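Residue numbering for the sequence shown follows the working numbering, starting at 7 and increasing by one per position.
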Amino acid sequence: MPINRRQFLGAAGAAAAAVHTACESQGGASPTLSDIASIRERYPRVMRQPYLDTAAHCPLSIHTREGMQKYMDFHMYGGGEGRGEYAGEAMRAVKPQFARMIGAKPSEIAFVQNTKAGEDIVVNGLDIQAAGGNVVTNDLHYAGSIHSFLGRRKAGMDVRIVKSKNWVTDLDAMEAAIDKKTRLVAITLVSNVNGHVEDAKAITGMAHANGGYVYADIIQAAGAIPIDVKALGLDFAACSNYKWLQGCRGSGFLYVRDELQGTAVRDLLFPGYVRFNYPPWVDPADGDEDPMPFSPPTNAGRYQPGNTAREGYCGQYESFKVMEAIGVENMLVHTMALVDRVRKELPESRYRCITPEGARSPILVFIPADYEGTQARLKQANVQATMTGNRLRISPNIYNNQEDVDKLLDALV
Numbered sequence: 007m008p009i010n011r012r013q014f015l016g017a018a019g020a021a022a023a024a025v026h027t028a029c030e031s032q033g034g035a036s037p038t039l040s041d042i043a044s045i046r047e048r049y050p051r052v053m054r055q056p057y058l059d060t061a062a063h064c065p066l067s068i069h070t071r072e073g074m075q076k077y078m079d080f081h082m083y084g085g086g087e088g089r090g091e092y093a094g095e096a097m098r099a100v101k102p103q104f105a106r107m108i109g110a111k112p113s114e115i116a117f118v119q120n121t122k123a124g125e126d127i128v129v130n131g132l133d134i135q136a137a138g139g140n141v142v143t144n145d146l147h148y149a150g151s152i153h154s155f156l157g158r159r160k161a162g163m164d165v166r167i168v169k170s171k172n173w174v175t176d177l178d179a180m181e182a183a184i185d186k187k188t189r190l191v192a193i194t195l196v197s198n199v200n201g202h203v204e205d206a207k208a209i210t211g212m213a214h215a216n217g218g219y220v221y222a223d224i225i226q227a228a229g230a231i232p233i234d235v236k237a238l239g240l241d242f243a244a245c246s247n248y249k250w251l252q253g254c255r256g257s258g259f260l261y262v263r264d265e266l267q268g269t270a271v272r273d274l275l276f277p278g279y280v281r282f283n284y285p286p287w288v289d290p291a292d293g294d295e296d297p298m299p300f301s302p303p304t305n306a307g308r309y310q311p312g313n314t315a316r317e318g319y320c321g322q323y324e325s326f327k328v329m330e331a332i333g334v335e336n337m338l339v340h341t342m343a344l345v346d347r348v349r350k351e352l353p354e355s356r357y358r359c360i361t362p363e364g365a366r367s368p369i370l371v372f373i374p375a376d377y378e379g380t381q382a383r384l385k386q387a388n389v390q391a392t393m394t395g396n397r398l399r400i401s402p403n404i405y406n407n408q409e410d411v412d413k414l415l416d417a418l419v
């Protein structure tokens with residue numbers, strides 16, 4: 007059955023409203039951790055099992071699902087009861103919401119299908135190979151991106167992949183690899199490999215001093231840690247929505263600095279719709295216009311691939327409401343208390359931590375002495391975490407609590 011606008015907005019805004027109400031009762035103070043805990047029940051999966059795996063995928067929340075459902079109801083039942091108005095409202099608001107989260111302007115944000123699609127738009131638009139330039143990256147960048155760069159290297163592009171040192175980016179080696187022909191430096195701001203937080207400010211300084219640009223994969227950063235793309239000096243960034251942004255697959259964002267749009271990153275997609283200015287389409291024709299007027303977007307929308315997953319962005323609209331109400335910094339305070347405890351209480355002799363000391367991200371990675379045994383114990387305890395290669399990755403989010411950590415430690419220690 008379709009739900010009306012009042013029912014829908016009442017349900018979808020419940021979590022954000024709860025946080026706002028708690029703040030008002032404190033005289034407008036920032037949300038406390040007890041306020042944050044009150045939204046746990048909005049994530050049904052975490053009520054069924056200790057889910058410590060946001061770096062892989064965030065469980066779908068009730069409010070995110072309801073945003074998606076509202077858009078689908080619009081297509082299923084048509085307009086009326088606020089459905090059509092809601093879809094327009096969400097699609098207008100979601101770019102400004104994301105822009106605020108990363109310190110950008112709405113005009114610098116485009117919709118893309120996923121992180122990799124955003125990176126490819128930048129790499130292809132810079133025309134690196136034809137210009138005789140090179141790309142510099144490192145082995146803590148996303149493995150799918152490195153694989154793509156290896157393919158580009160085989161096709162003739164000069165690609166330089168710097169090896170990390172003790173699970174940390176070797177900044178001296180990065181600086182040595184960057185030269186006057188470096189067109190792009192590609193990094194991951196928070197590494198999915200081990201939670202390492204890249205020194206983006208140092209790297210953008212190196213690249214800009216040589217006339218190059220910097221792209222950052224922020225899928226493990228946006229919504230997980232505070233980001234200011236301007237302060238970091240980032241020229242481009244991209245992310246999918248299904249991890250720390252608490253959205254769904256098939257939707258994401260690309261950031262392109264205003265002054266680089268259509269210049270440094272050339273247009274390759276040309277989205278928009280033509281209007282024919284001649285009979286029988288128009289009679290009489292407008293003599294002051296071309297027969298086929300061309301009017302492409304003049305903002306980052308120029309990089310969009312056409313229609314995107316609107317149901318995903320309607321769900322994202324609701325996720326952003328809750329995240330803005332809480333604040334990313336408050337969320338990080340909550341998650342750091344959990345990862346700090348795990349790091350302290352898992353014995354180093356059995357679980358060697360490869361997340362750098364002082365890394366302020368909610369991703370914690372270990373190399374277990376007994377990989378298969380660890381995997382079996384987590385399965386038996388019904389604890390969800392990532393085990394891949396030889397590594398165990400723990401990544402709690404706002405919906406986790408100390409009881410989840412208790413269950414993790416009980417299973418592993």
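Beta carbons are placed, not taken as given, at the ideal position from N, Cα and C, and that holds for glycine.
Fair warning: this is a prediction, and the values are worked out from it, not measured in the lab.
{"Check": "Using 8 Å as the threshold, is the C-beta distance between Arg-308 and Gly-268 below it?", "Outcome": "yes"}
{"Check": "Taking buried to mean at least 16 other C-beta atoms within 10 Å of its own C-beta, is Pro-290 buried or exposed?", "Outcome": "exposed"}
{"Check": "Span of the beta strand (DSSP E) holding Arg-189?", "Outcome": "188 to 194"}
{"Check": "Just to check my reading of the structure: Ala-61 and Ser-401 have Cβ atoms closer than 8 Å, yes? What is that Cβ distance to the nearest angstrom?", "Outcome": "4 Å"}
{"Check": "If we ignore side chains and look at the alpha-carbon of each, how far apart do Val-203 and Thr-175 end up?", "Outcome": "9 Å"}
{"Check": "When we look at the beta-carbon of Ser-301 and count the other beta-carbons within 10 Å, is it buried (16 or more) or exposed?", "Outcome": "exposed"}
{"Check": "Determine whether the beta carbon atoms of Ala-343 and Gly-201 lie at a separation below 8 Å.", "Outcome": "no"}
{"Check": "With a threshold of 8 Å on Cβ separation, who are the neighbours of His-26 within its own chain once the five nearest residues in sequence on each side are excluded?", "Outcome": "Below a pLDDT of 50, predicted positions are generally treated as unreliable, and His-26, at 47, falls in that range; no measurement from the model is reported."}
{"Check": "Have a look at His-63 and Tyr-83 and give me their C-alpha separation to the nearest angstrom.", "Outcome": "31 Å"}
{"Check": "Leaving out five residues on either side along the sequence, give the residues of the same chain with a beta carbon under 8 Å from the beta carbon of Leu-266.", "Outcome": "Tyr-219, Asp-241, Phe-242"}
{"Check": "DSSP state of Leu-58, grouped into three classes?", "Outcome": "coil"}
{"Check": "Identify every residue that forms a DSSP beta bridge with Tyr-357.", "Outcome": "Pro-374"}
{"Check": "Bridge partners of Arg-397, per DSSP?", "Outcome": "Thr-394"}
{"Check": "Which residues bound the beta strand (DSSP E) around Ile-167?", "Outcome": "164 to 168"}
{"Check": "Let me know if Glu-125 comes out buried or exposed under the rule of 16 or more other beta-carbons within 10 Å of its beta-carbon.", "Outcome": "buried"}
{"Check": "Looking at Ala-387 and Asp-416, is the spacing between their C-beta atoms short of 8 Å?", "Outcome": "yes"}
{"Check": "Between Met-337 and Ala-230, what straight-line distance do the alpha-carbon atoms span, to the nearest angstrom?", "Outcome": "7 Å"}
{"Check": "Return the Cβ separation of Tyr-323 and Ala-96 in integer angstroms, given the expectation that the two are a contact with Cβ distance under 8 Å.", "Outcome": "4 Å"}
{"Check": "Which runs of the alpha helix (DSSP H) fall wholly inside the segment 285 to 343 and span at least 4 residues, in chain order?", "Outcome": "316 to 332"}
{"Check": "Is the segment 351 to 368 in contact with the segment 150 to 158, if contact means three or more CB pairs nearer than 8 Å?", "Outcome": "no"}
{"Check": "Between which residues of its own chain and Lys-186 is the CB-CB distance below 8 Å, once the five residues before and five after are set aside?", "Outcome": "Asn-216, Gly-217"}
{"Check": "In or out: Trp-250 buried (at least 16 other Cβ within 10 Å) or exposed?", "Outcome": "buried"}
{"Check": "For Ser-151, which of helix, strand or coil comes out of DSSP?", "Outcome": "helix"}
{"Check": "For Arg-347, which residues of its own chain have a beta-carbon under 6 Å away from its beta-carbon, when the five flanking residues on both sides are left out?", "Outcome": "Val-411"}
{"Check": "Does Ile-115 come out as helix, strand or coil in the three-state DSSP assignment?", "Outcome": "strand"}
{"Check": "Who are the Cβ neighbours of Arg-5 in its own chain at under 7 Å, not counting the five residues just before and after it?", "Outcome": "As shown, the chain starts at 7 and ends at 419. That puts residue 5 outside it, with no answer to give."}
{"Check": "Between Ala-222 and Ile-360, what straight-line distance do the alpha-carbon atoms span, to the nearest angstrom?", "Outcome": "22 Å"}
{"Check": "By a C-beta neighbour count over all protein chains shown, 10 Å radius and 16 as the cutoff for buried, is Asp-376 buried or exposed?", "Outcome": "exposed"}
{"Check": "Would you mind working out which of Ile-233, Pro-277, Asn-305 sits nearest Gly-333, comparing C-alpha positions?", "Outcome": "Ile-233"}
{"Check": "Can you have a look at Glu-363 and say buried or exposed, based on whether 16 or more other CB atoms are within 10 angstroms of its CB?", "Outcome": "exposed"}
{"Check": "Is it the case that the Cβ atoms of Pro-303 and Asn-283 are separated by a distance below 8 Å?", "Outcome": "no"}
{"Check": "Starting from the Cα of Gly-94, find the closest Cα among Glu-114, Gly-73, Ser-113, Ala-110 and give me that residue.", "Outcome": "Gly-73"}
{"Check": "In whole angstroms, give me the CA-to-CA distance for Pro-50 and His-340.", "Outcome": "19 Å"}
{"Check": "Please report the straight-line C-alpha distance between Asn-406 and Arg-46, rounded to a whole angstrom.", "Outcome": "7 Å"}
{"Check": "Would a C-beta distance cut-off of 8 Å place Phe-326 and Val-118 closer than the cut-off?", "Outcome": "no"}
{"Check": "From the DSSP output, read off the bridge partner residues of Tyr-221.", "Outcome": "Ala-192, Phe-242"}
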